[in-house]
Amino acid sequence: MIVLKSDREISLMLKAGEIVGKVFEKLNGEIKPGVKTKQLDKSAKEKIESLGGRPAFFGYKGFPGNICTSINNVVVHGIPGEQRLTEGDIISLDVGAEFEGYYADAAITIAVGNISKEAKRLIDVTECSLSSGIEQARAKNRLSDVTAAIQGFVEKNGFSVVRAFVGHGIGSRMHEEPEIPNFKWIKEDVRLEPGMTLAIEPMVNQGTYDVKIMEDGWTAVTRDGKLSAHFEHTILITEEEPKILTLWQKKKQ
Ligand code: MG
């Protein structure tokens with residue numbers, strides 16, 4: 441069942457979303473060669489807690505980090521640790537926060553210093569595919585309108601959408617119904633309604649969409665070793681424009 445949120449629930453989710461946004465504003469300024477992913481994790485935890493939230497990923501099904509840090513060929517669920525960022529890397533940061541029982545979840549992919557043109561294009565296409573999906577996230581449209589927009593945009597640009605992971609409804613739990621694939625699927629479609637809150641999250645690969653899971657049981661990498669990018673927002677379906685609950689301001693560096 442898809443839960444429609446009350447105004448009170450939406451305001452708590454917006455607060456959780458603001459916390460996630462503040463984490464991105466902070467981490468975006470900290471991404472540089474030499475930084476360890478565990479430093480980013482610590483920094484995110486401190487920011488979330490200083491704003492009255494709780495890092496939603498820590499302990500989720502046993503996940504050991506506060507955020508996910510996924511570098512280069514890592515698609516999602518990279519575990520923060522001793523690895524240092526290197527000039528030319530791309531890193532996806534996936535951040536979830538809980539505030540007074542409500543969740544927000546978002547992801548961005550960032551360049552570490554100067555990156556290749558093709559890596560830059562992968563990041564741009566992934567971010568734009570999310571925008572094109574959100575553009576379709578309107579009452580009366582179907583979920584498949586969102587997913588078709590994402591897949592269409594990605595494939596038109598020569599990249600592939602990951603099949604093994606999908607977006608999700610979100611609210612008083614981090615993962616609620618419906619599942620939100622970034623591709624055509626065979627399960628029942630859904631008509632979008634005001635009050636639905638959705639985490640839409642294209643994961644886009646440079647080469648094949650196939651992934652494999654590493655021995656740690658979490659880290660998902662591209663099967664062909666090529667790059668992957670990930671963007672995600674938590675959004676609210678309204679009577680009018682979709683409302684992004686995890687907006688943040690990219691400061692000029
Ligand atoms: Mg998510």
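First residue of the sequence shown: 441, per this note's numbering; consecutive thereafter.
Glycine residues also receive a C-beta, built at the ideal position from the N, C-alpha and C atoms.
These figures come from a predicted structure and were not determined experimentally.
- At the C-beta level, TYR543 and ARG448 stay beyond 8 Å of one another.
- Inside the region 576–608, DSSP marks whole alpha helix (DSSP H) runs of 4 or more residues at positions 583–596, from first to last along the chain.
- For ASP545, the uninterrupted beta strand (DSSP E) run begins and ends at 542–551, by DSSP.
- By DSSP's assignment, CYS568 forms no beta bridge with any residue.
- A direct Cα-Cα distance of roughly 7 Å separates GLY536 from ILE507.
- By the Cβ test, the region 628–637 is in contact with the region 580–587, since at least three Cβ pairs between them sit closer than 8 Å.
- Bridge partners of ASN622 according to DSSP: none are assigned.
- When the five nearest sequence neighbours on each side are left out, the beta carbons in the same chain lying within less than 7 Å of the beta carbon of VAL661 are those of ASN513, VAL514, VAL515, VAL651, LYS652 and MET654, in order along the chain.
- The alpha-carbon separation between THR566 and GLY541 amounts to approximately 30 Å.
- The Cβ atoms of ILE530 and ALA559 lie closer than 8 Å to each other.
- Between ALA484 and LEU467, the C-beta gap is smaller than 8 Å, which places the two residues in contact.
- Note that the C-beta distance between GLY607 and ILE563 is not below 8 Å.
- For ILE531, the enclosing beta strand (DSSP E) starts and ends at 530–539.
- HIS608 has its Cβ nearer than 7 Å to a heavy atom of ligand 1.
- In this structure, the C-beta of ALA577 stays at least 7 Å away from each heavy atom of ligand 1.
- Counting along the chain, the unbroken beta strand (DSSP E) around VAL516 starts and ends at 514–516.
- Rounded to whole angstroms, the separation of the alpha carbons of LEU667 and GLY647 is 8 Å.
- Scanning its chain for C-beta atoms nearer than 7 Å, with the 5 sequence neighbours on each side dropped, one finds around LEU687 the residues GLY461, in chain order.
- Look at ASN645 here: in three-state DSSP terms it is strand.
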